[in-house]
Amino acid sequence: MELYIFDGSLEGLLTAVFESYHRKSPVVKLVTEASYIPDVFQSGFQILSDREKGKRVWRGLCKKMGKEWQLRFYKAFLSEQPDVFQHLFNFSRYIIDQPAGATENFAHRDVLAISQTAQKVHREKHRMEAFVRFQKTGDGIYYAHIEPDFDVLPLLPEHFQNRYADQRWIIYDLKRKYGLYYDLEKTEEIELAEAPQMSIVNALPSDVLDPKEQLYTLLWQDYFTSTNIQARKNTRLHVRHVPRRYWKYLSEKQG
Amino acid sequence: MYERIREKLGILADAAKYDVSCSSSGSNRKNENKGIGDAEGTGICHTYTEDGRCVSLLKILLTNHCIYDCAFCVSRRSNDIKRAAFTVEEVVELTMNFYRRNYIEGLFLSSGIFKDADYTMERLVRIVKKLRQEERFNGYIHLKTIPGASDELLREAGMYADRMSINLEMPTETGLKLLAPEKSHAEVKKPLKYIQNSITQFQSEKALIKSVPKFVPAGQSTQIVVGATPESDKEILYTANAFYQRFSLKRVYYSGYIPISHDSRLPVIGSQPPLIRENRLYQADWLMRFYGFKVQEILNDIHPNLEVDVDPKLSWALRNLDQFPVDVNTADYYMILRVPGIGVSSALKIVQARKFGRLYQSHLRKLGIAFGKARHFIRYADSPIQLKDYEAGHIKGLILSESKSKYQKNPHNQLSLF
Numbered sequence: 009m010e011l012y013i014f015d016g017s018l019e020g021l022l023t024a025v026f027e028s029y030h031r032k033s034p035v036v037k038l039v040t041e042a043s044y045i046p047d048v049f050q051s052g053f054q055i056l057s058d059r060e061k062g063k064r065v066w067r068g069l070c071k072k073m074g075k076e077w078q079l080r081f082y083k084a085f086l087s088e089q090p091d092v093f094q095h096l097f098n099f100s101r102y103i104i105d106q107p108a109g110a111t112e113n114f115a116h117r118d119v120l121a122i123s124q125t126a127q128k129v130h131r132e133k134h135r136m137e138a139f140v141r142f143q144k145t146g147d148g149i150y151y152a153h154i155e156p157d158f159d160v161l162p163l164l165p166e167h168f169q170n171r172y173a174d175q176r177w178i179i180y181d182l183k184r185k186y187g188l189y190y191d192l193e194k195t196e197e198i199e200l201a202e203a204p205q206m207s208i209v210n211a212l213p214s215d216v217l218d219p220k221e222q223l224y225t226l227l228w229q230d231y232f233t234s235t236n237i238q239a240r241k242n243t244r245l246h247v248r249h250v251p252r253r254y255w256k257y258l259s260e261k262q263g
Numbered sequence: 289m290y291e292r293i294r295e296k297l298g299i300l301a302d303a304a305k306y307d308v309s310c311s312s313s314g315s316n317r318k319n320e321n322k323g324i325g326d327a328e329g330t331g332i333c334h335t336y337t338e339d340g341r342c343v344s345l346l347k348i349l350l351t352n353h354c355i356y357d358c359a360f361c362v363s364r365r366s367n368d369i370k371r372a373a374f375t376v377e378e379v380v381e382l383t384m385n386f387y388r389r390n391y392i393e394g395l396f397l398s399s400g401i402f403k404d405a406d407y408t409m410e411r412l413v414r415i416v417k418k419l420r421q422e423e424r425f426n427g428y429i430h431l432k433t434i435p436g437a438s439d440e441l442l443r444e445a446g447m448y449a450d451r452m453s454i455n456l457e458m459p460t461e462t463g464l465k466l467l468a469p470e471k472s473h474a475e476v477k478k479p480l481k482y483i484q485n486s487i488t489q490f491q492s493e494k495a496l497i498k499s500v501p502k503f504v505p506a507g508q509s510t511q512i513v514v515g516a517t518p519e520s521d522k523e524i525l526y527t528a529n530a531f532y533q534r535f536s537l538k539r540v541y542y543s544g545y546i547p548i549s550h551d552s553r554l555p556v557i558g559s560q561p562p563l564i565r566e567n568r569l570y571q572a573d574w575l576m577r578f579y580g581f582k583v584q585e586i587l588n589d590i591h592p593n594l595e596v597d598v599d600p601k602l603s604w605a606l607r608n609l610d611q612f613p614v615d616v617n618t619a620d621y622y623m624i625l626r627v628p629g630i631g632v633s634s635a636l637k638i639v640q641a642r643k644f645g646r647l648y649q650s651h652l653r654k655l656g657i658a659f660g661k662a663r664h665f666i667r668y669a670d671s672p673i674q675l676k677d678y679e680a681g682h683i684k685g686l687i688l689s690e691s692k693s694k695y696q697k698n699p700h701n702q703l704s705l706f
């Protein structure tokens with residue numbers, strides 16, 4: 009078994025797949041630089057991320073997987089889970105070595121792992137599409153911040169810019185310290201010099217908000233209360249759908 | 289200064305909440321005019337109420353003034369409650385401001401009948417027209433069809449709405465007549481049919497001419513109140529099935545009756561709504577729509593009601609043990625779909641994965657099926673040799689003793705003594 013050390017990037021991961029064929033390594037253990045602890049008995053092979061090599065592997069994979077699986081691959085990568093890199097690596101080699109259609113082999117452990125991890129990331133993306141609560145600022149920008157379990161921000165622009173095409177908005181990931189800004193034309197990644205803290209009640213201080221913002225927060229809280237049917241109260245079901253860790257985003261849970 | 293609008297929203301959201309439809313999916317309205325909103329694809333539940341129901345749309349009545357006196361309805365004429373009415377502008381403002389903040393997927397607009405059907409329908413149409421044309425709103429709009437409104441108004445409404453619905457309320461005509469003598473199922477069927485025909489007409493025109501506008505792209509739905517009148521589950525599900533077939537409905541919703549009246553014809557205030565029954569009806573509805581079951585297989589004269597302690601799929605399997613065990617490595621997809629504990633997505637995975645090799649217990653467990661339940665009904669590569677056939681009652685007992693049902697032996701509304 010050979011030990012490969014890579015930089016944790018998607019490009020690096022795909023380069024590692026390339027090198028494993030180039031070096032004819034039958035079995036590879038893949039670790040990131042961040043998690044690598046030097047070992048007396050085994051020296052690692054350092055992967056140098058290489059755009060061209062990465063692209064060649066990706067093109068090879070795309071020949072064997074449809075659009076849906078390409079997205080799954082990327083979603084699984086965004087999960088930041090410790091064992092996902094190894095699964096992606098094994099998966100890539102398996103798909104390249106097999107005839108097309110091997111992605112349907114859900115009994116294969118790496119295929120199943122990628123499919124399940126991608127599903128988790130997809131769910132988190134979907135939750136963000138649901139739980140983002142914009143606040144309108146005095147200068148007309150709709151602002152929201154989030155702390156998603158996985159790095160789902162790169163998956164969000166399409167959804168939000170299709171929907172909010174005529175308003176400027178920012179969605180900021182406080183945990184990973186970057187955000188998305190849509191300026192009516194395009195969505196770009198931004199970093200705020202001084203990112204706001206995740207506060208329990210309103211995300212932004214009231215002096216930067218639009219004067220009507222308070223009214224709509226209030227009306228939304230009222231609506232949330234009025235639309236509930238007391239006789240059907242079912243806290244377990246409520247919490248299953250809206251896990252407690254997301255409550256901090258939700259203005260209706262602050263009333 | 290906000291008091292008036294807050295009070296109105298309180299009254300008119302409260303009165304609208306007994307309509308349980310929350311769907312915001314199935315439309316295909318894209319944001320193509322760089323306006324606001326997008327109702328393409330799957331719906332989104334933006335939050336859930338404390339009773340665990342999805343909040344996807346701003347669900348309100350235009351007004352809760354009503355000329356009718358239906359015993360099961362909180363807005364009935366004779367009920368002594370506060371009345372209110374939104375203006376057209378207020379509804380538009382609320383919808384737009386909620387939508388822009390990502391609170392909702394769109395608007396669910398219903399209304400009590402004031403003056404007459406056309407007058408009410410005309411107001412509803414005015415609101416959705418303003419949203420679409422002036423605000424360039426492409427979010428989801430679910431609009432109530434007012435029984436008795438003219439065809440012209442329905443046709444105009446259909447040009448702006450994504451979904452339209454009209455409620456049967458009681459599962460049978462007799463039940464409806466008992467509680468709402470002024471109403472009938474016939475007046476529900478007429479507009480359902482009219483809109484269904486218009487949808488078909490628009491679709492066939494669209495096949496020829498691409499620029500034909502959308503007409504109710506997310507189809508129609510209805511709601512049946514459960515437990516207000518003494519119908520059996522069979523009567524409820526057969527009605528639902530007939531409406532699915534005759535009017536190509538997208539959904540039938542089942543709403544467990546919440547007692548809101550001292551009327552002696554109805555369950556008393558404070559009695560528990562039939563939540564388990566409602567849940568079982570939805571499960572049976574899913575079996576009809578996604579699992580290839582015929583309604584007669586689920587309920588018939590020998591079994592007129594759904595069981596409370598097991599779900600309808602398990603109940604069917606226990607009554608039809610001669611069809612099992614099913615070999616997951618060879619059986620037809622539709623037969624695998626009938627195994628208790630295997631859902632649509634795991635059934636698909638099974639038929640895909642078995643092309644690559646025989647499936648063992650360990651594969652099945654990882655694929656995400658409810659193995660504990662399914663194992664009584666399947667064979668797989670390493671299934672243990674079974675020496676005798678178990679009886680239905682025995683299997684049921686095993687499954688119940690191993691599972692932690694959400695409906696435990698004591699209903700959760702029942703107080704424990706200690």
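First to last, the sequence lines map onto chains A and B.
For the first sequence, the numbering used here begins at 9 and goes up steadily by one.
For the second sequence, the numbering used here begins at 289 and goes up steadily by one.
Just so you know, even glycine gets a beta-carbon here, dropped at the ideal spot from N, CA and C.
Owing to the predicted nature of the structure, the values given are computational and were not obtained by experimental measurement.
Residue environment, residue i, which counts as buried when at least 16 other CB atoms sit within 10 Å
i, result
"Asn485(B)", "exposed"
"Thr243(A)", "exposed"
"His664(B)", "buried"
"Lys661(B)", "buried"
"Arg252(A)", "exposed"
"Thr433(B)", "buried"
"Met9(A)", "exposed"
"Pro90(A)", "exposed"
"Cys310(B)", "buried"
"Ser633(B)", "exposed"
Cross-chain neighbours of residue i in chain A, by beta carbon under 8 Å
i, result
"Leu616(B)", "It should be pointed out that residue 616(B) corresponds to Val in this sequence rather than to Leu. In chain order: nothing, as chain A lies at least about 11 Å away."
"Ile546(B)", "Ile237, Ala239 and Arg240"
"His473(B)", "Neighbours of His473(B) on chain A: none; closest Cβ ~26 Å, over 8 Å."
"Leu297(B)", "Leu227, Asp230, Tyr231 and Ser234"
Chain-ordered neighbours of residue i on chain A, where CB pairs are closer than 9 Å
i, result
"Gly463(B)", "Ordered by position in chain A, no residue passes the 9 Å Cβ test against Gly463(B), which lies about 21 Å from the chain."
Nearest to residue i (by Cα), restricted to the options the options
i, options, result
"Ser603(B)", "Phe612(B), Ile590(B), Pro592(B) and Ile586(B)", "Ile586(B)"
"Ala516(B)", "Ala405(B), Leu467(B) and Tyr648(B)", "Leu467(B)"
"Phe165(A)", "Thr233(A), Val119(A), Gly74(A) and Lys133(A)", "A quick correction: the sequence has Pro, not Phe, at residue 165(A). Considering only alpha carbons, the answer is Lys133(A)."
"Asn617(B)", "Gln649(B), Pro592(B) and Val632(B)", "Gln649(B)"
"Val598(B)", "Asn567(B), Ser552(B) and Tyr306(B)", "Asn567(B)"
"Glu137(A)", "Ala126(A), Ala121(A) and Val160(A)", "Val160(A)"
"Phe232(A)", "His651(B), Cys333(B) and Glu338(B)", "Glu338(B)"
"Gly298(B)", "Ala372(B), Gly329(B) and Lys478(B)", "Ala372(B)"
"Val279(A)", "Tyr82(A), Lys75(A) and Lys63(A)", "Coverage of chain A is limited to positions 9 through 263, which leaves residue 279(A) absent and any answer about it impossible."
"Arg626(B)", "Leu569(B), Phe644(B), Lys601(B) and Arg646(B)", "Lys601(B)"
"Val65(A)", "Val48(A), Leu79(A) and Ile104(A)", "Ile104(A)"
"Thr375(B)", "Ala359(B), Thr351(B) and Glu493(B)", "Thr351(B)"
"Val247(A)", "Asn319(B), Gly331(B) and Tyr336(B)", "Tyr336(B)"
"Ile302(B)", "Asp326(B), Tyr290(B) and Ile369(B)", "For clarity, residue 302(B) is Asp in the given sequence; the question names Ile instead. Taking only the C-alpha atoms, the option nearest Asp302(B) is Ile369(B)."
Beta-carbon neighbours of residue i, restricted to chain A and to distances below 7 Å
i, result
"His334(B)", "Ala138"
"Gln640(B)", "Glu112 and Phe114"
"Asn352(B)", "Under the 7 Å cutoff, chain A gives no residues; its nearest Cβ is about 12 Å from Asn352(B)."
"Asp677(B)", "By Cβ distance, chain A contributes nothing, its closest Cβ being about 29 Å from Asp677(B), past 7 Å."
"Ala301(B)", "Tyr231, Ser234 and Thr235"
Min CB distance residue i to chain E below 8 Å
i, result
"Val343(B)", "Absent from the structure is chain E; the protein chains it does hold are A and B."
Closer than 8 Å at the beta carbon, the chain B residues around residue i
i, result
"Val250(A)", "Thr335 and Tyr336"
"Phe142(A)", "Arg388, Arg389 and Asn390"
Residues that residue i contacts on chain B, provided the C-beta gap is smaller than 9 Å
i, result
"His153(A)", "Within 9 Å Cβ-Cβ: nothing; His153(A) doesn't reach chain B, min ~13 Å."
"Lys161(A)", "Inspection of the sequence shows that residue 161(A) is occupied by Leu rather than by Lys. What Leu161(A) touches in chain B: nothing, since even the nearest Cβ is about 15 Å away."
Contacts that residue i makes with chain B (C-beta to C-beta distance below 7 Å)
i, result
"Arg171(A)", "Asn319, Gly325 and Asp326"
"Tyr257(A)", "Under the 7 Å cutoff, chain B gives no residues; its nearest Cβ is about 10 Å from Tyr257(A)."
Anything in the segment 229-243 of chain A with a Cβ closer than 9 Å to a Cβ of chain B? List those residues in chain order, please. Asp230, Tyr231, Phe232, Thr233, Ser234, Thr235, Asn236, Ile237, Gln238, Ala239, Arg240, Lys241, Asn242 and Thr243
Could you name the residues of the segment 174-200 of chain A whose beta carbon sits closer than 7 Å to any beta carbon of chain B, in the order they occur along the chain? Going along the segment 174-200 of chain A in chain order, one finds Asp174 and Gln175 with a Cβ nearer than 7 Å to chain B.
Along the segment 91-118 of chain A, what residues have a CB closer than 7 Å to any CB found in chain B? Across the segment 91-118 of chain A, CB contacts with chain B closer than 7 Å involve Glu112, Asn113, Phe114 and Ala115, in sequence order along the chain.
For the segment 120-178 of chain A, which segments carrying the alpha helix (DSSP H) assignment without a break, of at least 4 residues, lie completely within its bounds, in sequence order? 165-171
Quick check for students: name the residue ranges of the alpha helix (DSSP H) that lie wholly in the segment 505-577 of chain B, counting only runs of 4 or more. 521-535
What are the start and end residues of each continuous alpha helix (DSSP H) run of 4 or more residues lying completely inside the segment 351-434 of chain B, in chain order? 376-388 and 405-421
Considering only residues of the segment 23-47 of chain A, which uninterrupted beta strand (DSSP E) runs meet the minimum length of 3 residues and lie entirely inside it, listed in chain order? 36-40
Counting only runs of 3+ residues fully inside the segment 179-233 of chain A, write out the beta strand (DSSP E) ranges in chain order. 186-190 and 195-198
By the 7 Å beta-carbon criterion, what residues does the segment 51-85 of chain A contribute toward chain B? none
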